[in-house]
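Colleague: These protein sequence lines are chains A and B, in that order. Letter by letter, the first sequence follows residues 6 to 204 of my numbering. Letter by letter, the second sequence follows residues 6 to 204 of my numbering. Just passing along the structure, written as structure tokens.
There are 2 protein chains.
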Amino acid sequence: MAARTTGTSRADLVADTALALLAERGLRGLTHRAVDEAAGLPQGSTSNVARTRQALLELAVRRLADREARVLSPEEMPDPRDGLEGLADALALATHRALTRNRDLTRARYELALEATRRPELRAYYDTAGARFRDRLTALVTALGSTDPARHVLSLVAWAEGLMFACVAGSFHAEVPSPEQVRASLRELLEAMTGRTGR
Amino acid sequence: MAARTTGTSRADLVADTALALLAERGLRGLTHRAVDEAAGLPQGSTSNVARTRQALLELAVRRLADREARVLSPEEMPDPRDGLEGLADALALATHRALTRNRDLTRARYELALEATRRPELRAYYDTAGARFRDRLTALVTALGSTDPARHVLSLVAWAEGLMFACVAGSFHAEVPSPEQVRASLRELLEAMTGRTGR
DNA sequence: ATCGGAACACTACGGCTGTAGTGGGCGGTC
DNA sequence: GACCGCCCACTACAGCCGTAGTGTTCCGAT
Numbered sequence: 006m007a008a009r010t011t012g013t014s015r016a017d018l019v020a021d022t023a024l025a026l027l028a029e030r031g032l033r034g035l036t037h038r039a040v041d042e043a044a045g046l047p048q049g050s051t052s053n054v055a056r057t058r059q060a061l062l063e064l065a066v067r068r069l070a071d072r073e074a075r076v077l078s079p080e081e082m083p084d085p086r087d088g089l090e091g092l093a094d095a096l097a098l099a100t101h102r103a104l105t106r107n108r109d110l111t112r113a114r115y116e117l118a119l120e121a122t123r124r125p126e127l128r129a130y131y132d133t134a135g136a137r138f139r140d141r142l143t144a145l146v147t148a149l150g151s152t153d154p155a156r157h158v159l160s161l162v163a164w165a166e167g168l169m170f171a172c173v174a175g176s177f178h179a180e181v182p183s184p185e186q187v188r189a190s191l192r193e194l195l196e197a198m199t200g201r202t203g204r
Numbered sequence: 006m007a008a009r010t011t012g013t014s015r016a017d018l019v020a021d022t023a024l025a026l027l028a029e030r031g032l033r034g035l036t037h038r039a040v041d042e043a044a045g046l047p048q049g050s051t052s053n054v055a056r057t058r059q060a061l062l063e064l065a066v067r068r069l070a071d072r073e074a075r076v077l078s079p080e081e082m083p084d085p086r087d088g089l090e091g092l093a094d095a096l097a098l099a100t101h102r103a104l105t106r107n108r109d110l111t112r113a114r115y116e117l118a119l120e121a122t123r124r125p126e127l128r129a130y131y132d133t134a135g136a137r138f139r140d141r142l143t144a145l146v147t148a149l150g151s152t153d154p155a156r157h158v159l160s161l162v163a164w165a166e167g168l169m170f171a172c173v174a175g176s177f178h179a180e181v182p183s184p185e186q187v188r189a190s191l192r193e194l195l196e197a198m199t200g201r202t203g204r
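Here it is as structure tokens:
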């Protein structure tokens with residue numbers, strides 16, 4: 006649990022606690038009162054920050070988008086001149102972080118993604134953040150000589166997303182794969198996309 | 006909604022309705038009374054078939070495993086002699102079906118996968134079904150000359166799973182990709198795994 | 001110093017959910 | 001034909017959830 010203790014506004018504290026709760030107990034465990042309790046706030050606090058459930062979900066999604074934006078920020082993106090290896094390294098690192106340090110955030114994201122299916126207002130945040138990331142990725146694979154950038158970006162994102170989902174929601178194994186394995190698979194993928202043959 | 010109308014036992018009707026509800030309204034929308042109503046059964050029926058919520062979830066997961074087992078049955082698997090193209094075709098077809106005809110089933114599976122994180126009893130069904138499918142896939146990629154079958158199977162499954170999740174829970178686009186695109190990407194993946202270079 | 005407003009703590013309530021209990025009808029058995 | 005057991009419809013109830021309302025406290029502006 007353990008959301009921020011200081012320095013952040015009350016709304017951020019509520020949002021972070023909501024995300025932690027989402028990761029731990031799912032959508033069904035996210036209630037106004039549960040957030041109050043988990044955050045150590047007096048009863049009614051969450052209700053005041055976000056009166057309706059819809060508002061609470063939007064608060065959580067907005068906060069999630071904020072925190073993930075920092076992780077996938079341009080500074081974290083590799084230099085195009087680092088080529089295939091640079092991109093593979095950067096993506097492997099981001100994936101690995103999502104499964105370790107930011108595991109709760111990742112899990113909360115999947116919970117909310119499913120919910121966003123039924124709440125169009127939530128979709129907006131996902132769509133814009135996702136599109137921005139994909140645009141940057143498109144530029145990178147194009148620079149690498151991709152023969153079909155749009156399809157290749159979708160493929161890359163799907164691969165990473167599927168790996169993360171499986172690790173976090175346990176389709177195959179609870180252990181996170183070693184960064185080397187992730188890098189190896191990513192290199193393979195990228196090589197296939199650029200027509201290069203593996204070593 | 007429209008679950009079965011005849012021929013199936015009451016328990017199956019309840020389970021199918023639960024799965025449909027899960028796809029449409031998520032875990033929060035799955036309640037005993039909601040199933041009664043959606044299935045057109047008198048109040049209390051679902052409660053009798055599965056008294057506790059845990060029992061209802063297990064019923065749904067068991068039914069899901071049954072229905073998916075038919076889809077991913079050995080008969081649907083390609084003949085190893087059909088080679089790379091055969092495997093790519095089969096996987097593309099299965100993926101495409103999961104996104105069209107069996108879309109609700111796929112969505113329900115993701116809902117339950119997230120819930121299974123917190124309910125170990127549900128995990129068992131996923132684990133065994135998944136392991137069986139992966140074993141068959143391992144044999145196929147090995148026959149194709151994969152240089153690292155275990156990792157390659159994980160990679161293939163992650164790719165397909167990620168694509169399906171994105172299409173169903175809308176990370177990038179609600180439209181399902183054309184089967185040709187799916188096949189193209191799969192061929193690329195498989196070629197990379199077997200060291201073959203794409204034409 | 002006073003006023004106004006915002007953030008906050010607390011209470012209330014209608015509705016829904018999970019689960020237990022109870023009686024009735026129906027089919028198979030001696 | 002009488003009996004027994006199972007499945008089923010229905011009711012009951014306690015707990016929790018979302019949301020509205022109300023009074024209070026605190027702070028900045030005047």
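Backbone N, C-alpha and C define an ideal beta-carbon position, used for all residues, glycine too. Keep in mind it's a predicted model, so treat the numbers as computed, not measured.
#1: Note down the Cα distance separating Ala28 (chain B) from Glu166 (chain B), rounded to an integer number of angstroms.
#2: With distances taken between CB atoms, is the gap from Val162 (chain A) to Pro154 (chain A) smaller than 8 Å?
#3: Any beta carbon from chain B within less than 8 Å of Ala171 (chain A)'s own beta carbon?
#4: On the CB-based measure, 16 or more other CB atoms within 10 Å of its CB, does Ala76 (chain A) come out buried or exposed?
#5: Would you mind working out which of B:Arg156, B:Met198, B:Ala103, B:Ala93 sits nearest Glu185 (chain B), comparing C-alpha positions?
#6: Is DSSP giving Ala190 (chain A) helix, strand or coil here?
#7: Does Asp84 (chain B) come out as helix, strand or coil in the three-state DSSP assignment?
#8: Quick one: is Met6 (chain A) near chain B, going by C-beta distance under 8 Å?
#9: Kindly provide the ranges of any alpha helix (DSSP H) runs that are 4 or more residues long and lie completely inside the region 43-106 of chain A, ordered along the chain.
#10: Buried or exposed, going by whether 16 or more other CB atoms sit within 10 Å of the CB of Ser190 (chain A)?
#11: Can you tell me whether Asp71 (chain B) is buried or exposed, with buried defined as 16 or more other CB within 10 angstroms of its CB?
#12: Find the nearest neighbour of Tyr209 (chain A) within the set A:Arg141, A:Ala60, A:Leu117, judged by alpha-carbon distance.
#13: Can you find a CB in chain B that lies within less than 8 Å of the CB of Leu77 (chain A)?
#14: For Arg135 (chain A) and Glu180 (chain A), I'd like the C-alpha separation in whole angstroms.
#15: Cβ of Ala103 (chain A) within 8 Å of Cβ of Met169 (chain A)?
#16: Can you tell me which of B:Thr13, B:Leu194, B:Gly175 puts its alpha carbon nearest to the alpha carbon of Gly44 (chain B)?
#17: Give me the Cα-Cα distance between Thr57 (chain B) and Glu42 (chain A), rounded to the nearest whole angstrom.
#18: Between Ala55 (chain A) and Leu46 (chain A), which are expected to be in contact by the criterion C-beta below 8 Å, what is the C-beta distance as a whole number of angstroms?
#19: What is the rounded straight-line gap between the Cα of Leu24 (chain B) and the Cα of Leu69 (chain B)?
#20: Considering only C-alpha positions, which residue in the set A:Ser160, A:Trp164, A:His157, A:Leu159 is nearest to Ala159 (chain B)?
#21: Determine the direct distance from the alpha carbon of Asp87 (chain B) to that of Ala129 (chain B), and round the result to whole angstroms.
#22: Give me the chain B residues within the contact set of Met198 (chain A), using Cβ-Cβ distance strictly less than 8 Å, ordered along the chain.
#23: Helix or strand or just coil, what does DSSP make of Gly175 (chain A)?
#24: Looking only at its own chain, which residues have a Cβ that is under 6 Å from the Cβ of Thr51 (chain B), when we skip the five neighbours before and after it?
#25: Pick out whichever of A:Leu195, A:Cys172, A:Ala95, A:Ala113 has its Cα sitting closest to the Cα of Thr22 (chain A).
#26: Are the CB atoms of Arg33 (chain A) and Arg33 (chain B) within a distance shorter than 8 Å?
#27: Checking 8 Å against the spacing of the C-beta atoms, do Glu63 (chain A) and Leu127 (chain A) come in under that value?
#28: Given a limit of 9 Å on CB to CB distance, which residues of the region 95-129 of chain B reach chain A?
Modeller: Per the coordinate set shown:
#1: Working through the second sequence from its first residue, we reach residue 28 (chain B) at position 23. Working through the second sequence from its first residue, we reach residue 166 (chain B) at position 161. Rounded to the nearest angstrom, the two C-alpha atoms are 17 Å apart.
#2: As a first step, residue 162 (chain A) is located in the first sequence; it is residue number 157 there, counting from the start. As a first step, residue 154 (chain A) is located in the first sequence; it is residue number 149 there, counting from the start. Their beta carbons are not under 8 Å apart, which means Val162 (chain A) does not touch Pro154 (chain A) by this criterion.
#3: Position 166 of the first sequence, counting from 1, holds the residue named residue 171 (chain A). Closer than 8 Å: yes.
#4: Sequence index remark: in the first sequence, residue 76 (chain A) carries index 71 (1-based). Residue identity differs from the one stated: residue 76 (chain A) is Val in this sequence, not Ala. Answer is exposed; the Cβ neighbour count stays below 16.
#5: Residue 185 (chain B) sits at position 180 when you count from the first residue of the second sequence. Nearest in C-alpha terms to Glu185 (chain B), of all of B:Arg156, B:Met198, B:Ala103, B:Ala93, is B:Ala93.
#6: For the purposes of this step, residue 190 (chain A) is taken as the residue at position 185 of the first sequence. In the sequence under discussion, the amino acid at residue 190 (chain A) is Ser, which differs from the Ala named in the question. Three-state result, Ser190 (chain A): helix.
#7: In the second sequence, residue 84 (chain B) corresponds to position 79, counting from 1. Coil, per DSSP.
#8: Along the first sequence, read from residue 1 onward, the residue named residue 6 (chain A) stands at position 1. For Met6 (chain A), the predicted structure reports a pLDDT of 45, less than 50, and the residue's modelled location is therefore unreliable. The matter cannot be settled from this model.
#9: 50-54, 58-76, 88-104
#10: Along the first sequence, read from residue 1 onward, the residue named residue 190 (chain A) stands at position 185. By the 10 Å Cβ count, Ser190 (chain A) comes out buried.
#11: On the second sequence, position 66 is the one that residue 71 (chain B) refers to. Its Cβ having fewer than 16 others within 10 Å, Asp71 (chain B) is exposed.
#12: Look at the range of chain A in this structure, 6 to 204, and you will see that residue 209 (chain A) is not part of it.
#13: On the first sequence, position 72 is the one that residue 77 (chain A) refers to. Leu77 (chain A) is outside the set of residues whose beta carbon lies under 8 Å from a beta carbon in chain B.
#14: Residue 135 (chain A) sits at position 130 when you count from the first residue of the first sequence. Residue 180 (chain A) sits at position 175 when you count from the first residue of the first sequence. Strictly speaking, residue 135 (chain A) in this sequence is Gly, with Arg absent from that position. In a straight line, the C-alpha of Gly135 (chain A) is about 26 Å away from that of Glu180 (chain A).
#15: The residue given as residue 103 (chain A) occupies position 98 in the first sequence. The residue given as residue 169 (chain A) occupies position 164 in the first sequence. Yes, the Cβ-Cβ distance between Ala103 (chain A) and Met169 (chain A) is below 8 Å.
#16: In the second sequence, counting from the first residue as 1, residue 44 (chain B) sits at position 39. Checking the sequence shown, residue 44 (chain B) turns out to be Ala, not Gly. Ala44 (chain B) has its Cα closest to that of B:Thr13, out of B:Thr13, B:Leu194, B:Gly175.
#17: The count along the second sequence starts at 1 and reaches residue 57 (chain B) at position 52. The count along the first sequence starts at 1 and reaches residue 42 (chain A) at position 37. Between Thr57 (chain B) and Glu42 (chain A), the C-alpha separation is close to 26 Å.
#18: Mapped onto the first sequence, residue 55 (chain A) falls at position 50. Mapped onto the first sequence, residue 46 (chain A) falls at position 41. Contact doesn't hold; Cβ gap of about 13 Å is too wide.
#19: In the second sequence, the residue the question calls residue 24 (chain B) occupies position 19. In the second sequence, the residue the question calls residue 69 (chain B) occupies position 64. Leu24 (chain B) and Leu69 (chain B) have their alpha carbons spaced roughly 8 Å apart.
#20: Residue mapping note: residue 159 (chain B) aligns to position 154 of the second sequence, counting from 1. A small correction: the amino acid at residue 159 (chain B) is Leu; Ala does not occupy that position in the sequence shown. When only C-alpha atoms are compared, the closest one is A:Trp164.
#21: Along the second sequence, one-based indexing puts residue 129 (chain B) at 124. Along the second sequence, one-based indexing puts residue 87 (chain B) at 82. Distance between the alpha carbons of Ala129 (chain B) and Asp87 (chain B) is about 33 Å.
#22: The count along the first sequence starts at 1 and reaches residue 198 (chain A) at position 193. The contacting residues are Glu193.
#23: Mapped onto the first sequence, residue 175 (chain A) falls at position 170. In the structure shown, Gly175 (chain A) sits in coil (DSSP, three-state: anything other than H, G, I, E or B).
#24: In the second sequence, counting from the first residue as 1, residue 51 (chain B) sits at position 46. Hits under 6 Å: Val19, His37, Val40, Asp41.
#25: The residue you call residue 22 (chain A) lines up with position 17 of the first sequence. Closest option to Thr22 (chain A), Cα to Cα, is A:Ala113.
#26: Here residue 33 (chain B) corresponds to residue number 28 of the second sequence, with the count starting at 1. Here residue 33 (chain A) corresponds to residue number 28 of the first sequence, with the count starting at 1. Going by C-beta atoms, Arg33 (chain B) is nearer than 8 Å to Arg33 (chain A).
#27: As a working mapping, residue 63 (chain A) is identified with position 58 in the first sequence. As a working mapping, residue 127 (chain A) is identified with position 122 in the first sequence. Yes, they are a contact pair.
#28: Interface annotation for the region 95-129 of chain B against chain A: Arg112, Tyr115, Glu116, Ala118, Leu119, Glu120, Ala121, Thr122, Arg123, Arg128, criterion Cβ-Cβ distance under 9 Å.
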